[in-house]
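Just so we're aligned, residue 1 is where the sequence shown starts under full-length UniProt numbering, counting upward by one.
By construction, the Cβ of each residue, glycine as well, lies at the ideal position given by its N, Cα and C atoms.
The structure under discussion appears below in the form of structure tokens.
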Amino acid sequence: MATAGDFTMTRAQRIRLTLACLLSYFIAAGLISQIGAISGPMAAHFGKALTDVSERFSSLSSGIMIGTLLSLVWFEWSGLKRTIISCYVIGAAVLLAILFGDSWSWLPVLLAVAGAVAGLGLAAAAVTLALSYSARIRAVLLLCTDLCFALAGIVCAPAAAQMISHGLPWSASYGALAALCALVVVLAVLSPYPPSAREAGERVAHERWPLGAWLCAIALLFYLLGQVTMLLWLPQHLQQQLHVDYVTSTAGISRYWTGMAIGQLLLVALLQRLDFRRLLPLIACASVAASFPLWLSRDASALMLATTVLGIVNGGVLKLSLTYATTLVRHPQRVVALLLSCGSLGQALSPYLSSQLVRHADTALALQSVSVCYALMAACIVVAMRRRALPVPHPSPAVAGDLP
1 MATAGDFTMT RAQRIRLTLA CLLSYFIAAG LISQIGAISG PMAAHFGKAL TDVSERFSSL
61 SSGIMIGTLL SLVWFEWSGL KRTIISCYVI GAAVLLAILF GDSWSWLPVL LAVAGAVAGL
121 GLAAAAVTLA LSYSARIRAV LLLCTDLCFA LAGIVCAPAA AQMISHGLPW SASYGALAAL
181 CALVVVLAVL SPYPPSAREA GERVAHERWP LGAWLCAIAL LFYLLGQVTM LLWLPQHLQQ
241 QLHVDYVTST AGISRYWTGM AIGQLLLVAL LQRLDFRRLL PLIACASVAA SFPLWLSRDA
301 SALMLATTVL GIVNGGVLKL SLTYATTLVR HPQRVVALLL SCGSLGQALS PYLSSQLVRH
361 ADTALALQSV SVCYALMAAC IVVAMRRRAL PVPHPSPAVA GDLP
């Protein structure tokens, strides 16, 4: 038997529970990472402009933001197991409706619901991991959740491209994600879950947050605003400006996520020797420089390499920003939820704002905006790092959820 506090599970139950949590991260990342790969075929299928399609996907990002915001209060009155099962039953049904319904008018509603249940399910999975494991093991699982995000990015976009290139509909990959939602439901039904905050009778004391915590939240807004813009328009830029074929252009997204996976592994090694407070401003500023080749490069191979380098460099921005923000407060649960909500806001704004740039100019301007977003992110982080951290230990930032 394995025990975390008063919560006890067998090894098999713990494996099922952990797998369900990690799959929640994979599903959320899978929804986002393939947007650039399916936008072109989706536009051709419905006879719409690419900018119209990208605006449709703002519903997905908005849904994720709503789900993340909902997690701020949801677990004060709802149990974790019920939340997980409900979210992924609804998620599977909605993804199948997108696959078989084939409706342009209903698409924003379906994408918004899919995003909301993914965002809430992600937070529920993170809370579950935090309540089920000791701090040492939890740190390892935080890396695993990041790697699941990266793995989804590596797998989902090329898989969607291959399905479409073999004659399947643009939404075929959503069917695969629906199957994963069903698997999460099965695993959740077979697993015991730790008590939620409501069930445990816990309450987080009110606390005034310092400026540094707010700046970290703003930094994550700009970080994810830039990241989603890059994921959305990089394939189109490769096709339109560098004349690369469809399947090859979607490989650029996979290269980015591969770089992120490598960067996260390197980060773990560096953290054994260096304080994360030294690494965070360095990788934030390096991300700005690494984003320039996205719009300066005129060679497809060089641009592919640049996306990998960018992934390596900024793979730790999200996690280290969350970690630093928790050192500025005595009760980090709510502040982490705030940071994640700001990040979700960046995701929600990206499709609409970037489509306006492309509508009035081209894909190069959208990629230039990535550099602007990263520059603003780095500025916020550098200023935030000037705030003194409290010399007290805090629980892991996983307690309120996580993002790619």
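Boundaries of the alpha helix (DSSP H) in which G226 is found, first to last residue: In the sequence shown, counting from the first residue as 1, residue 226 sits at position 226. Here the alpha helix (DSSP H) through G226 covers L211 to Q240.
Three or more C-beta pairs closer than 8 Å, one from the stretch 222-237 and one from the stretch 351-366: is that the case here? yes
Can you tell me whether DSSP reads M377 as helix, strand or coil? Within the sequence shown, residue 377 is the residue found at index 377, counting from 1. M377 falls in the helix class under three-state DSSP.
Measure the CB-CB distance between G346 and L225 and report whether it falls below 7 Å. Against the sequence shown, residue 346 aligns to sequence position 346. Against the sequence shown, residue 225 aligns to sequence position 225. Yes; because the gap between Cβ atoms is below 7 Å, this pair is in contact.
Which residue's Cα is closest to the Cα of G79: S61, A251 and P195? Residue 79 sits at position 79 when you count from the first residue of the sequence shown. It is P195 whose Cα lies nearest to the Cα of G79.
Report the residue from Q162, W214, R16 and G167 whose alpha carbon sits nearest the alpha carbon of C380. Within the sequence shown, numbered from 1, the residue matching residue 380 stands at position 380. Considering only alpha carbons, the answer is W214.
Just mark E76 as buried or exposed, buried being the case when its beta carbon has 16 or more other beta carbons within 10 Å. To locate residue 76, count along the sequence shown from 1; it is residue 76. E76 comes out exposed.
Taking buried to mean at least 16 other C-beta atoms within 10 Å of its own C-beta, is F222 buried or exposed? Here residue 222 refers to the residue found at position 222 of the sequence shown. Label assigned to F222: buried.
Taking buried to mean at least 16 other C-beta atoms within 10 Å of its own C-beta, is D275 buried or exposed? In the sequence shown, residue 275 corresponds to position 275, counting from 1. Flag for D275 reads exposed.
When you compare the stretch 243-255 with the stretch 49-63, are there three or more beta-carbon pairs, one atom per stretch, that lie closer than 8 Å? no
Kindly indicate the opening and closing residues of the alpha helix (DSSP H) around T308. The residue labelled residue 308 in the question sits at position 308 within the sequence shown. That run of the alpha helix (DSSP H) goes A300 to N314.
Determine, using beta-carbon pairs with one atom in the stretch 91-108 and one in the stretch 167-184, whether at least three such pairs fall under 8 Å. yes
Should R330 be labelled buried (16 or more other beta-carbon atoms within 10 Å of its own) or exposed? Counting from one through the sequence shown, the residue named residue 330 turns up at place 330. Classification of R330: exposed, given that the 10 Å Cβ count is below 16.
Leaving aside the five residues before and after A116 along the sequence, list all residues of the same chain whose C-beta is less than 6 Å from its C-beta, in chain order. Sequence index remark: in the sequence shown, residue 116 carries index 116 (1-based). Correct list, in chain order: G63, I66 and G67.
L232 versus W295: straight-line alpha-carbon distance, rounded: On the sequence shown, residue 232 is found 232 positions in, with the first residue counted as 1. On the sequence shown, residue 295 is found 295 positions in, with the first residue counted as 1. Whole-angstrom Cα-Cα distance: 14 Å.
I need the straight-line Cα distance from L19 to I32, nearest angstrom please. In the sequence shown, residue 19 corresponds to position 19, counting from 1. In the sequence shown, residue 32 corresponds to position 32, counting from 1. Looking at the two C-alpha atoms, the distance is approximately 20 Å.
Which class does K319 belong to by DSSP, given the choice of helix, strand or coil? Position 319 of the sequence shown holds residue 319. Residue state, collapsed to three classes: helix.
Report buried or exposed for T307, applying the criterion of at least 16 other Cβ atoms within 10 angstroms of its Cβ. Position 307 of the sequence shown, counted from the first residue, corresponds to residue 307. When all chains shown are included, T307 counts as buried.
T327 in three-state terms, based on DSSP: The residue you call residue 327 lines up with position 327 of the sequence shown. In this structure, T327 counts as coil in the three-state DSSP scheme.
Would you call the stretch 259-270 and the stretch 298-317 touching, i.e. three or more CB-CB distances under 8 Å? yes
Cβ neighbours of A300 in the same chain (closer than 7 Å, five flanking residues each side left out): On the sequence shown, residue 300 is found 300 positions in, with the first residue counted as 1. These residues qualify, in order along the chain: L238, L242 and V244.
Taking the continuous alpha helix (DSSP H) assigned at Q264, which residues delimit it? Against the sequence shown, residue 264 aligns to sequence position 264. Residues Y246 to L271.
Please determine, among A284, L280, M42 and A126, the residue with the shortest C-alpha to C-alpha distance to S165. What you label residue 165 is simply residue 165 of the sequence shown in a count that begins at 1. Nearest option by C-alpha distance: M42.
Just curious, the alpha helix (DSSP H) that residue 423 is in, first and last residue? Past the boundaries of the shown model lies residue 423; the chain is included only from 1 to 404, so the question cannot be answered.
Put R16 into one of helix, strand or coil per three-state DSSP. For this step, residue 16 is matched to residue 16 along the sequence shown. R16 falls in the helix class under three-state DSSP.
With burial defined as no fewer than 16 other Cβ atoms inside 10 Å of the residue's Cβ, what is the status of S344: buried or exposed? The residue labelled residue 344 in the question sits at position 344 within the sequence shown. The residue in question, S344, is buried, as its Cβ has 16 or more Cβ neighbours within 10 Å.
Could you name each continuous alpha helix (DSSP H) segment of 4 residues or more that falls completely within the stretch 72-127, going from the start of the chain to the end? 80-101
Quick check on F276: does DSSP put it in helix, strand or coil? On the sequence shown, position 276 is the one that residue 276 refers to. Of the three classes helix, strand and coil, the one that applies to F276 here is helix, per DSSP.
Assigned exposure category for T128 - 16 Cβ within 10 Å defines buried: Reading the sequence shown from its first residue, position 128 is the one you call residue 128. With 16 or more Cβ atoms within 10 Å of its Cβ, T128 is classed as buried.
Please list, in chain order, all residues of the same chain as S171 whose beta carbon is under 7 Å from its beta carbon, the five residues on each side excluded. As a first step, residue 171 must be located in the sequence shown, where it is residue number 171. Around S171: I98 and L99.
Would you check if the distance between the CB atom of A112 and the CB atom of A28 is smaller than 7 Å? By 1-based counting over the sequence shown, the position of residue 112 is 112. By 1-based counting over the sequence shown, the position of residue 28 is 28. The answer is no: Cβ separation not under 7 Å.
Just the Cα atoms here: how many angstroms apart are Q34 and G153? Mapped onto the sequence shown, residue 34 falls at position 34. Mapped onto the sequence shown, residue 153 falls at position 153. Cα-Cα distance, rounded: 7 Å.
Through-space distance from A325 to P293, alpha-carbon basis: On the sequence shown, residue 293 is found 293 positions in, with the first residue counted as 1. On the sequence shown, residue 325 is found 325 positions in, with the first residue counted as 1. Computed Cα separation, rounded: 30 Å.
Between R16 and L187, how many whole angstroms is the CB-CB distance? I'm expecting something under 8 Å. Translated into positions along the sequence shown, residue 16 becomes position 16. Translated into positions along the sequence shown, residue 187 becomes position 187. At roughly 5 Å, the Cβ-Cβ gap stays under 8 Å, so R16 and L187 are in contact.
Quick test of your reading: V184 and S354, contact by CB under 8 Å. State the CB separation rounded to the nearest angstrom. Position 184 of the sequence shown holds residue 184. Position 354 of the sequence shown holds residue 354. So it is not a contact: roughly 31 Å between Cβ atoms.
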